[in-house]
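There are 2 protein chains.
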Amino acid sequence: QGWELTHDATRLERTFKFGNFVEANRFVDRVGELAEEEGHHPDITFGWGYATVVIWTHKIGGLHENDFIFAAKTNRLAE
Amino acid sequence: QGWELTHDATRLERTFKFGNFVEANRFVDRVGELAEEEGHHPDITFGWGYATVVIWTHKIGGLHENDFIFAAKTNRLAE
Chain A
1 QGWELTHDAT
11 RLERTFKFGN
21 FVEANRFVDR
31 VGELAEEEGH
41 HPDITFGWGY
51 ATVVIWTHKI
61 GGLHENDFIF
71 AAKTNRLAE
Chain B
1 QGWELTHDAT
11 RLERTFKFGN
21 FVEANRFVDR
31 VGELAEEEGH
41 HPDITFGWGY
51 ATVVIWTHKI
61 GGLHENDFIF
71 AAKTNRLAE
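Line by line, the protein sequences are chains A and B. Counting from 1, one number per residue, gives the positions in the first sequence under the working numbering. Counting from 1, one number per residue, gives the positions in the second sequence under the working numbering.
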């Protein structure tokens, strides 16, 4: 499963699967570090075995080129 | 705001507010560590300035004494 457009195509969302809570948490840590580096802050939901990342540009209430770049960088963190 | 019962009183939910993304992320890190220590895994959503923790016992599809204990310990991590 790749990224999906949600909320009338104003957000990018992808759920990543993991074998347990710790692995999901580690991935979320990396996404959090990326968010700080990029100054771009997604909403992240995680728990046992999964993490869902929602990306959008709050200022414009929708998607900007930077959101797609952030999505591509997030993918790399899951590899 | 304290904990609320949601999903027909099968879950405990509380949203904690923070001044930025990093502070929310740090709180989430601490909740993740607590989850591993306790062997009890909440669902956590966070982003810029907030973190929402949802606690329930997946095995019984509802709330057990341990969930209330976990909620109390989560409160301490936010202090």
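In this text, a Cβ means the ideal position worked out from N, Cα and C, and glycines have one as well. Since the structure is predicted, the reported quantities are computational estimates derived from the model, not experimental observations.
Task: Partners in chain A for Asn66 (chain B), counting only beta-carbon separations shorter than 8 Å - done: Stepping through the second sequence from its first residue, residue 66 (chain B) is reached at position 66. In chain order: nothing, as chain A lies at least about 15 Å away.
Task: Simplified DSSP assignment, three categories, for Ile69 (chain B) - done: As a working note, residue 69 (chain B) is residue 69 in the second sequence. Note: Ile69 (chain B) maps to helix in three-state DSSP.
Task: Reduced DSSP secondary structure (H/G/I, E/B, other) of Thr74 (chain B) - done: In the second sequence, the residue the question calls residue 74 (chain B) occupies position 74. Helix at Thr74 (chain B).
Task: Cutoff 8 Å: His41 (chain B) Cβ touching any chain A Cβ - done: Taking the first residue of the second sequence as 1, we reach residue 41 (chain B) at position 41. Closer than 8 Å: yes.
Open item on the list: I need the boundaries of the beta strand (DSSP E) containing Ala35 (chain B), first residue and last residue.
Closed with: Looking up residue 35 (chain B) in the second sequence gives position 35. Note, Ala35 (chain B): premise wrong, no beta strand (DSSP E); alpha helix (DSSP H) at 21-38.
Open item on the list: Rounded to whole angstroms, what is the Cα-Cα separation between Ile69 (chain B) and Leu12 (chain B)?
Closed with: As a first step, residue 69 (chain B) must be located in the second sequence, where it is residue number 69. As a first step, residue 12 (chain B) must be located in the second sequence, where it is residue number 12. Going by the C-alpha atoms only, they are around 11 Å apart.
- [ ] Please report how far the alpha carbon of Gly19 (chain A) lies from the alpha carbon of His58 (chain A), in whole angstroms.
- [x] Along the first sequence, read from residue 1 onward, the residue named residue 19 (chain A) stands at position 19. Along the first sequence, read from residue 1 onward, the residue named residue 58 (chain A) stands at position 58. CA-to-CA, the gap between Gly19 (chain A) and His58 (chain A) works out to about 32 Å.
- [ ] Kindly indicate if chain A contains any beta-carbon less than 8 Å away from that of Ile44 (chain B).
- [x] Here residue 44 (chain B) corresponds to residue number 44 of the second sequence, with the count starting at 1. Closer than 8 Å: yes.
Open item on the list: Counting beta carbon pairs with one atom in the region 14-30 of chain A and one in the region 39-48 of chain A, are three or more of them shorter than 8 Å?
Closed with: yes
Open item on the list: Given this structure, state the Cα-to-Cα distance separating Asp29 (chain A) from Glu23 (chain A), to the nearest angstrom.
Closed with: Residue numbering aside, residue 29 (chain A) sits at position 29 when the first sequence is read from its first letter. Residue numbering aside, residue 23 (chain A) sits at position 23 when the first sequence is read from its first letter. Each residue's Cα considered, the two are about 10 Å apart.
TODO: Helix, strand or coil for Ile60 (chain A), going by three-state DSSP, please let me know.
DONE: As a first step, residue 60 (chain A) must be located in the first sequence, where it is residue number 60. Ile60 (chain A): coil per DSSP, three-state reduction.
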